[in-house]
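Chemist: Residue numbers (this note's numbering), protein chains in the order written: chain A, 1415 to 1526; chain B, 2 to 115.
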């Protein structure tokens, strides 16, 4: 049972445009959400996070939006750059355990 | 970058043979984790450790064992490798388990079981 879902396996966006990556979750006990970015042959690296008590968190070109009622979060990248081409994983955390539950990932390609 | 190394980085082995993957950290973080990454599944937690000699199972622990005799080292052992264990294995560390504490990942080990 996939508790964190990323339904789009891939996304292609032109340089300078907005990239929107989506993530849905089913477990209402999740109270903290993170986005990780992964380049080929490297480990994932932390990108941005959001607590369930917020609905938005911004860090430079990256903004994460959380809609708790819909159990949905999204990552916006504006403007998109070729260096943003990577696989993006959504992850969720509950307050009672030290474990992260990851989505299946979305491969973003930013074209020139 | 967090000081996390994994060894070996690549390994080819045969079905039925034992395999041990090593994760070494220089950050003195208490928590260490082993994940596997497979197409269509993302990253799945195999085992994790919350201190020396303290370990617990993740969601896909069958066929795997772990040991942590020192803070800096976390070993993942496949007692008898199977083809279904062909995967990319990532080690991660974190200082604590609070929501605000992100996990830092190693570079990964690509394992092929023939």
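C-beta: ideal position from N, C-alpha, C; glycine also.
1. In whole angstroms, what is the alpha-carbon distance linking residue 5 of chain B and residue 110 of chain B?
2. Can you pull out the residues from the segment 1476 to 1492 of chain A whose beta carbon lies closer than 8 Å to at least one beta carbon of chain B?
3. Quick check: what's the CA-CA separation for residue 1487 of chain A versus residue 1469 of chain A?
4. Starting from residue 7 of chain B, follow the beta strand (DSSP E) in both directions and report where the run begins and ends.
5. So which residues on chain B does residue 1424 of chain A lean against when the C-beta distance must stay under 8 Å?
6. Answer yes or no: do residue 1522 of chain A and residue 1427 of chain A have a C-beta to C-beta separation smaller than 8 Å?
7. Whose CA, out of B:85, B:92 and B:32, lies closest to the CA of residue 115 of chain B?
8. Please compile the residues from chain A whose C-beta is within a distance smaller than 9 Å of the C-beta of residue 4 of chain B.
9. Can residue 116 of chain B and residue 30 of chain B be called in contact, C-beta distance under 8 Å?
10. Taking only beta-carbon atoms, is residue 75 of chain B less than 8 Å away from chain A?
Modeler: Quick look at the numbers:
1. Taking the first residue of the second chain as 1, we reach residue 5 of chain B at position 4. Taking the first residue of the second chain as 1, we reach residue 110 of chain B at position 109. Their backbone Cα atoms lie some 12 Å apart in a straight line.
2. Along the segment 1476 to 1492 of chain A, none of the residues has a CB nearer than 8 Å to a CB of chain B.
3. Taking the first chain and counting its residues from 1, the one referred to as residue 1487 of chain A is at position 73. Taking the first chain and counting its residues from 1, the one referred to as residue 1469 of chain A is at position 55. In a straight line, the C-alpha of residue 1487 of chain A is about 9 Å away from that of residue 1469 of chain A.
4. Position 6 of the second chain, counted from the first residue, corresponds to residue 7 of chain B. Residue 7 of chain B -> beta strand (DSSP E) spans 5 to 8.
5. Along the first chain, one-based indexing puts residue 1424 of chain A at 10. Listed along the chain, the chain B residues whose CB falls inside 8 Å of the CB of residue 1424 of chain A amount to none; the nearest CB is some 12 Å away.
6. What you label residue 1522 of chain A is simply residue 108 of the first chain in a count that begins at 1. What you label residue 1427 of chain A is simply residue 13 of the first chain in a count that begins at 1. Yes.
7. Start at 1 with the first residue of the second chain, and residue 115 of chain B comes out as number 114. Of B:85, B:92 and B:32, the residue nearest in Cα terms is B:85.
8. Numbered from its first residue, the second chain carries residue 4 of chain B at position 3. The contacting residues do not exist; residue 4 of chain B stays about 13 Å from chain A at best.
9. What is shown of chain B runs 2 to 115, which leaves residue 116 of chain B out entirely.
10. Residue numbering aside, residue 75 of chain B sits at position 74 when the second chain is read from its first letter. At a cut-off of 8 Å between beta-carbon atoms, residue 75 of chain B makes no contact with chain A.
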